[in-house]
């Protein structure tokens, strides 16, 4: 019976690990990751940074929530943001952010291109 309890605890821990990432945070990171991968696949693409308006729309996150999350991600050195005086802004993953997203989303190993073009 003790083995059954240990197996149950292990499966609960695995389920908890999958649930640890906030869905909003996950959507933002996934969107930035997708953008980073698409820019890497198309070197002629003009801008590496993603506008906050486009990021908000693609991640389906309200702008106020997006900016709050980006502040946290910036403090963790995972994202770089730039704000203009008129309120417009851009965001992109740092190298650390790219490495984390590669681990989270199972992509990003050198020489491996699993990106689906949208």
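Residue numbers (my numbering): 2 to 119.
In this text, a Cβ means the ideal position worked out from N, Cα and C, and glycines have one as well.
Just so you know, these numbers come straight off a predicted model, no measurement behind them.
query	result
Member of 42, 57, 51, 36 whose CA lies at the smallest distance from the CA of residue 25	57
Counted within 10 angstroms of its Cβ, other Cβ atoms place residue 100 as buried (16 or more) or exposed	exposed
Residue from 103, 36, 21, 97 whose Cα sits closest to the Cα of residue 74	97
Rounded distance between the beta-carbons of residue 33 and residue 105, thought under 8 Å	Not confirmed; about 11 Å, so no contact.
Per-residue burial, residue 127 [other beta carbons within 10 Å of its own, 16 or more giving buried]	Here the chain covers residues 2 to 119 and nothing more, so residue 127 does not appear.
Residue environment, residue 77, which counts as buried when at least 16 other CB atoms sit within 10 Å	exposed
Beta-carbon proximity of residue 71 to residue 95, cut-off 7 Å	no
Continuous alpha helix (DSSP H) assignments of at least 4 residues falling wholly in the segment 86-110	96-106
Bridge partner(s) assigned by DSSP for residue 32	None, per the DSSP bridge assignment.
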